[in-house]
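Going by the numbering used here, the first residue of the sequence shown is number 19, and it counts up by one from there.
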Amino acid sequence: MIIYCTPLSFRQRKVLFRDRNCDLDSPKGLLYKQPGITLGRCDVVAVTPWSAPIVWEETFDPVLVDAIYKPKNLTIATTVFAIGKYIRFLRDFLETAEKHFMVDFKVHYHIFTDQLQDVPAVDLAAGRKIFVHQVPKLKRWQDISASRMQMIQTIIEEQLYREADYIYCQDVDAKFHFRWGAETLDRLVGQIHPWFYDLGRDQFTYERRPESTAYIPPGEGDFYYIGAMFGGRVEEVYKLVKSCHENLEADKANGIEAAWQEESHLNWYLLYNKPSKILSPEYLWDDLRGKANVMKVVRLSHILKNYAEVRENT
Numbered sequence: 019m020i021i022y023c024t025p026l027s028f029r030q031r032k033v034l035f036r037d038r039n040c041d042l043d044s045p046k047g048l049l050y051k052q053p054g055i056t057l058g059r060c061d062v063v064a065v066t067p068w069s070a071p072i073v074w075e076e077t078f079d080p081v082l083v084d085a086i087y088k089p090k091n092l093t094i095a096t097t098v099f100a101i102g103k104y105i106r107f108l109r110d111f112l113e114t115a116e117k118h119f120m121v122d123f124k125v126h127y128h129i130f131t132d133q134l135q136d137v138p139a140v141d142l143a144a145g146r147k148i149f150v151h152q153v154p155k156l157k158r159w160q161d162i163s164a165s166r167m168q169m170i171q172t173i174i175e176e177q178l179y180r181e182a183d184y185i186y187c188q189d190v191d192a193k194f195h196f197r198w199g200a201e202t203l204d205r206l207v208g209q210i211h212p213w214f215y216d217l218g219r220d221q222f223t224y225e226r227r228p229e230s231t232a233y234i235p236p237g238e239g240d241f242y243y244i245g246a247m248f249g250g251r252v253e254e255v256y257k258l259v260k261s262c263h264e265n266l267e268a269d270k271a272n273g274i275e276a277a278w279q280e281e282s283h284l285n286w287y288l289l290y291n292k293p294s295k296i297l298s299p300e301y302l303w304d305d306l307r308g309k310a311n312v313m314k315v316v317r318l319s320h321i322l323k324n325y326a327e328v329r330e331n332t
């Protein structure tokens, strides 16, 4: 089912988020592999210094995770932006998502595009819908990137606060390859960037100019988070995107643009508002990097492409 929505109004409004059951209830009689504290992944770190889990393959039991979360009747929203030539990637994103993304959950895909007529008809499983939002085509890819936070804030205010339990914000130029499931659900979720997971903080491309609201001083920083994947409970993502949008606007008023637009502001937010769960690079890899030894699976990956060709404006 494809639902074409009215244009976003960008008028801020008060929202009342719905209550949800966050208890980790496990059904009686469920059989699964016994957990142990002396066995498991020894080649990667699976917990942060603030005790948030870092999700890798073999750090969770998919049978147990599904048994906990599937009875909750959750609705998962995901946003993707298919603007300009990026519309060409939408079919593969949706078709592979139907095979691997939150299988057996209610999923609402929210597609932001300037080309309504080119949104593909894709066979969807029961309880899954596509919502299409028309947005303007901006002059620069940097402007498209920076505007995402405002658009996500607006769609939460207008619709998602009453319809969804969780929201995940993803890139359209990617394909799913393996399970991407309920093990990702938590209050506030960020993902470690595939190009920075093995580097020190002095090599992170944070915004280093004090004039920007995204400024992170030398010597500070946890991880470098990718702007192409963040999520969590709707109310927590709302606080994130609202803060980032306000900071983007403050920078714009002062004539400055952060080094990596919304990704720089996302990294600032997640440094000072710690995520409750972090996804390993398995959850959005970059095919250009090849396969790393620590990667037992690739769940979703950015596909190889010519950026100079698909980014129409620089």
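Glycine is no exception: its CB is placed at the ideal position from the N, C-alpha and C atoms.
| Check | Outcome |
| --- | --- |
| Measure the Cβ-Cβ separation of ILE101 and ILE21 and say whether it is below 8 Å. | no |
| ALA200 and TYR87 - do their beta-carbons sit closer together than 8 Å? | yes |
| Is it a yes or a no for the segment 108 to 126 touching the segment 136 to 155, going by three-plus beta-carbon pairs under 8 Å? | yes |
| Can you list, in chain order, the stretches of the alpha helix (DSSP H) that have 4 or more residues and sit fully within the segment 157 to 233? | 159 to 173 |
| Within 10 angstroms of the Cβ of ASP61, are there 16 or more other Cβ atoms? Answer buried if so, exposed if not. | exposed |
| For a test of the three-state rule: what should DSSP assign to VAL255, helix, strand or coil? | helix |
| Can you give me the Cβ contacts of ARG59 inside the same chain, cut-off strictly under 7 Å, excluding the 5 residues immediately before and after it? | TRP74, GLU76 and THR77 |
| Please return the same chain residues whose Cβ sits closer than 7 Å to the Cβ of ALA268, not counting the five positions on each side in sequence. | THR231 |
| Does DSSP put PRO71 in a helix, a strand or coil? | strand |
| Starting from GLN152, trace the alpha helix (DSSP H) both ways and give me its first and last residue. | Segment 147 to 152 is the beta strand (DSSP E) holding GLN152; no alpha helix (DSSP H) there. |
| If you compare alpha carbons, which of GLY239, GLY245 and GLU229 is closest to GLN209? | GLY245 |
| Check whether the Cβ atoms of HIS195 and VAL83 sit closer than 8 Å, and answer yes or no. | no |
| For the segment 179 to 190 against the segment 270 to 289, are there 3 or more C-beta pairs whose distance is under 8 Å? | no |
| Nearest to ALA276 by CA position, among ASP79, ARG227 and GLN135, is which residue? | ARG227 |
| Kindly confirm or deny that the segment 291 to 306 and the segment 211 to 219 touch, where touching means at least three C-beta pairs closer than 8 Å. | yes |
| CB-CB under 8 Å to TYR179, same chain, minus the five flanking residues each way: which ones, in chain order? | VAL33, LEU34, PHE35, ARG36, VAL252, GLU253 and TYR256 |
| On the CB-based measure, 16 or more other CB atoms within 10 Å of its CB, does ASN265 come out buried or exposed? | buried |
| Any chance you could list the beta strand (DSSP E) runs of at least 3 consecutive residues sitting entirely within the segment 80 to 123, in chain order? | 93 to 100 |
| In terms of alpha-carbon separation, which member of LYS46, ARG205, ALA310 and ALA70 lies closest to ALA85? | LYS46 |
| Excluding the 5 residues preceding and the 5 following ARG38 in the sequence, name in chain order all residues of the same chain whose CB lies nearer than 7 Å to its CB. | ASP183 |
| Please classify TRP278: does DSSP put it in a helix, a strand, or coil? | coil |
| Compare the beta carbon distance of PHE111 and VAL207 with 8 Å and say whether it is the shorter of the two. | no |
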